[in-house]
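Enquirer: Encoded as structure tokens, here's the structure I'll be asking about.
2 protein chains.
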Amino acid sequence: MVLTVRENELCALVIRRGIAPYRGRWALPGGFVLPDEDLPDAAVRELSEETRTANVHLEQLGTYGRPGRDPRMRVITVAYLALAADLPAPTAGSDAAEARWSTVDDLVSTPRRLAFDHHEILTDGIERARAKLEYSPLATAFCAPEFTVAELRLVYETVWGVRLDPRNFHRKVAGAEGFLLPTGTTTTRHGGRPAQLFRRGPATILSPPMLRN
Amino acid sequence: MVLTVRENELCALVIRRGIAPYRGRWALPGGFVLPDEDLPDAAVRELSEETRTANVHLEQLGTYGRPGRDPRMRVITVAYLALAADLPAPTAGSDAAEARWSTVDDLVSTPRRLAFDHHEILTDGIERARAKLEYSPLATAFCAPEFTVAELRLVYETVWGVRLDPRNFHRKVAGAEGFLLPTGTTTTRHGGRPAQLFRRGPATILSPPMLRN
DNA sequence: ATAATAGTGTCTGTCAGACACTATATC
DNA sequence: GATATAGTGTCTGACAGACACTATTAT
Numbered sequence: 001m002v003l004t005v006r007e008n009e010l011c012a013l014v015i016r017r018g019i020a021p022y023r024g025r026w027a028l029p030g031g032f033v034l035p036d037e038d039l040p041d042a043a044v045r046e047l048s049e050e051t052r053t054a055n056v057h058l059e060q061l062g063t064y065g066r067p068g069r070d071p072r073m074r075v076i077t078v079a080y081l082a083l084a085a086d087l088p089a090p091t092a093g094s095d096a097a098e099a100r101w102s103t104v105d106d107l108v109s110t111p112r113r114l115a116f117d118h119h120e121i122l123t124d125g126i127e128r129a130r131a132k133l134e135y136s137p138l139a140t141a142f143c144a145p146e147f148t149v150a151e152l153r154l155v156y157e158t159v160w161g162v163r164l165d166p167r168n169f170h171r172k173v174a175g176a177e178g179f180l181l182p183t184g185t186t187t188t189r190h191g192g193r194p195a196q197l198f199r200r201g202p203a204t205i206l207s208p209p210m211l212r213n
Numbered sequence: 001m002v003l004t005v006r007e008n009e010l011c012a013l014v015i016r017r018g019i020a021p022y023r024g025r026w027a028l029p030g031g032f033v034l035p036d037e038d039l040p041d042a043a044v045r046e047l048s049e050e051t052r053t054a055n056v057h058l059e060q061l062g063t064y065g066r067p068g069r070d071p072r073m074r075v076i077t078v079a080y081l082a083l084a085a086d087l088p089a090p091t092a093g094s095d096a097a098e099a100r101w102s103t104v105d106d107l108v109s110t111p112r113r114l115a116f117d118h119h120e121i122l123t124d125g126i127e128r129a130r131a132k133l134e135y136s137p138l139a140t141a142f143c144a145p146e147f148t149v150a151e152l153r154l155v156y157e158t159v160w161g162v163r164l165d166p167r168n169f170h171r172k173v174a175g176a177e178g179f180l181l182p183t184g185t186t187t188t189r190h191g192g193r194p195a196q197l198f199r200r201g202p203a204t205i206l207s208p209p210m211l212r213n
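Chains as they are written, first to last, in the UniProt record's numbering: chain A, 1 to 213; chain B, 1 to 213.
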């Protein structure tokens, strides 16, 4: 599943199924692993079929194998979670009649909208993303390569669904070892005083972590 | 993979393979999922074949599918992590010539000892267990149903490989909401002043968390 | 009494949250 | 000027680590 932040909303990529079962229903994008393909490679391949991929974080989410979850046959799904910056409009893939971004609020509030057990995969992925923002620099995966502290804060606010104090947030991310790398340039794209632009730093875990309360 | 704490050491259950490939080599216990079996059910079944299971925590660890990881054919392994209190001596299963506990220090320091890619699964599982002790009450899974604060502290010290101040540790676990449930009874099995006995409480996440530094 | 472990109180430094304040842009 | 956003300084309350101290057992 692919998550992004666009227009102040956490969104997931969904496709409308063009074939049975669940024809016409929305589903998470996916596909079958090739006979000689490693699992992460298959995830990257499927991802690139649905969207122009650049600067995407990809990690294994979990494996779903309940008998009967696919009415055709026994299917074990190894779900991958992708976090990406706001991308150009998604493109329809081979088995997808249509692809679009849907807010997770919409998807979560209507559990029957998604085919198979994809609602369960969706909620697991959302919770994983929320948790990982705390102790990893993954929020940067939702940003363009160069971003301001305010843009990063908006990611946290959107994914967690909270408001954060801009001043304390700034002090905190600026103090987290290896989180942000200054570029030396500034931008006024949000008006007001020019803001510094940063790239993501080398840290893989944040200390101290960003805690949601 | 099964982890336990015994004699102040973090230990993993390993079996000596009785059949090819890797015949005679140590490996993590496992088996194949039945055609109509859910993944957690298969994990429970395999676990009960190797050890007398009681009061065991079980969670999905990750899925390993690199082509060539099993020389016979393409095999996708869905690894489960089990955390258990010190158990009676393990019993050999169907495809295992021998089963025993091995300290993770020994296993980790000799990466070629385990068959297949089991060393990678092992290190992933150890890291998962270490991380989960921080923000979940899972340390209690390594304890008997009733335990003292000192016994719980020994679990943390063993899994993390650190020394913790007994007084600060006591204050901290006692203050963590829903972590410990007093039984009202005491024990002197470690000598000295009688210690209260606790059961694990209803909390699923710890707040505040126990932080390793 | 001595030793061992259990548990509490207190001090101190660090850090999160609240928020006053300064800085630099546009209109 | 007014207004918007960026960023710093300061205060306060909570909490982690260090450790003195008390409590209750066995020998």
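Every residue gets a Cβ at the ideal spot worked out from N, C-alpha and C, and that includes glycine.
(1) Do you know whose CA, among A:Val2, A:Glu37, A:Arg6, A:Ala20, lies nearest A:Pro29's CA?
(2) Looking at the secondary structure, which residues open and close the alpha helix (DSSP H) in which B:Phe32 lies?
(3) Taking the alpha helix (DSSP H) that A:Leu58 falls in, what are its first and last residues?
(4) Rounded to whole angstroms, what is the Cα-Cα separation between B:Ala115 and A:Leu81?
(5) How long is the line joining the alpha carbons of A:Val108 and A:Tyr64, rounded to whole angstroms?
(6) Please state whether the Cβ-Cβ distance between B:Ser136 and B:Leu83 is less than 8 Å.
(7) Are B:Thr187 and B:Thr148 closer than 8 Å when you measure CB to CB?
(8) Please return the same chain residues whose Cβ sits closer than 8 Å to the Cβ of A:Leu61, not counting the five positions on each side in sequence.
(9) If you draw a straight line from the C-alpha of B:Asp70 to the C-alpha of A:Val44, how long is it?
(10) Classify B:Pro136 as helix, strand or coil using the three-state DSSP reduction.
(11) I'd like to know whether the C-beta of B:Val78 is nearer than 8 Å to at least one C-beta of chain A.
(12) From which residue to which residue does the beta strand (DSSP E) around A:Val5 run?
(13) Identify, in the order they occur along the chain, each residue of the same chain with its Cβ nearer than 6 Å to the Cβ of B:Gly178, setting aside the five sequence neighbours on each side.
(14) What span of residues does the alpha helix (DSSP H) with A:Thr158 cover, start to end?
(15) For B:Ile15, does the count of other Cβ atoms within 10 angstroms reach 16, so buried, or fall short, so exposed?
(16) Answer yes or no: do A:Trp160 and A:Arg130 have a C-beta to C-beta separation smaller than 8 Å?
(17) Which same chain residues end up closer than 6 Å to B:Gly31 when comparing Cβ atoms and leaving out the 5 residues on each side of it in sequence?
(18) Residues of the region 50–70 of chain A with a CB closer than 7 Å to any CB of chain B: list them in chain order, please.
(19) Is the distance from the Cβ of A:Thr140 to the Cβ of A:Cys11 below 8 Å?
(20) Near A:Pro208, what residues of its chain come up, given a Cβ to Cβ distance below 7 Å and the 5 sequence neighbours on each side ignored?
(21) Rounded C-beta distance between B:Thr158 and B:Val56? I'm assuming under 8 Å.
(22) Leaving aside the five residues before and after B:Asp86 along the sequence, list all residues of the same chain whose C-beta is less than 6 Å from its C-beta, in chain order.
(23) Report the partner residues of A:Glu98 according to the DSSP bridge assignment.
(24) Hey, how far is the Cα of A:Arg52 from the Cα of A:Trp101?
(25) Excluding the 5 residues preceding and the 5 following A:Pro111 in the sequence, name in chain order all residues of the same chain whose CB lies nearer than 8 Å to its CB.
(26) Classify A:Ala174: buried if its beta carbon has 16 or more other beta carbons within 10 angstroms, exposed otherwise.
(27) Less than 8 Å between CB atoms is the rule here; does B:Asp117 satisfy it with respect to chain A?
(28) Can you find the residues in the same chain that come closer than 6 Å, C-beta to C-beta, to A:Glu9, ignoring five residues on each side of it along the sequence?
(29) The alpha helix (DSSP H) spanning A:Phe169 covers which residue range?
(30) Tell me which same chain residues have a C-beta within less than 6 Å of the C-beta of A:Phe169, skipping the five on either side of it?
(31) Could you check what DSSP says for A:Thr103 in three-state terms: helix, strand or coil?
(32) Tell me whether B:Met210 is buried or exposed, calling it buried when 16 or more other Cβ atoms sit within 10 Å of its Cβ.
(33) Name the chain A residues whose beta carbon is nearer than 7 Å to that of B:Asp36?
(34) Relative to the C-alpha of A:Asp41, which candidate in A:Ala144, A:Pro194, A:Glu59 has its C-alpha closest?
Expert: Considering the structure as presented:
(1) A:Val2
(2) From DSSP, B:Phe32 is part of no alpha helix (DSSP H); its letter is neither H nor E.
(3) That residue, A:Leu58, is in no alpha helix (DSSP H); its beta strand (DSSP E) goes 57–64.
(4) 29 Å
(5) 19 Å
(6) no
(7) yes
(8) Met1, Ala79, Tyr80, Leu81, Ile121, Asp124, Gly125, Arg128
(9) 23 Å
(10) What sits at residue 136 of chain B in the sequence shown is Ser, not Pro. Coil.
(11) yes
(12) 2–6
(13) Gly201, Pro202, Ala203
(14) 149–160
(15) buried
(16) yes
(17) Glu46
(18) Gln60, Gly62, Thr63, Gly65, Arg66, Pro67
(19) no
(20) Ala176
(21) That belief does not hold up - the Cβ atoms of B:Thr158 and B:Val56 are roughly 18 Å apart, past 8 Å.
(22) Thr4, Arg6
(23) A:Arg16
(24) 14 Å
(25) His119
(26) exposed
(27) no
(28) Thr103
(29) 166–175
(30) Arg153
(31) strand
(32) buried
(33) Pro67
(34) A:Glu59
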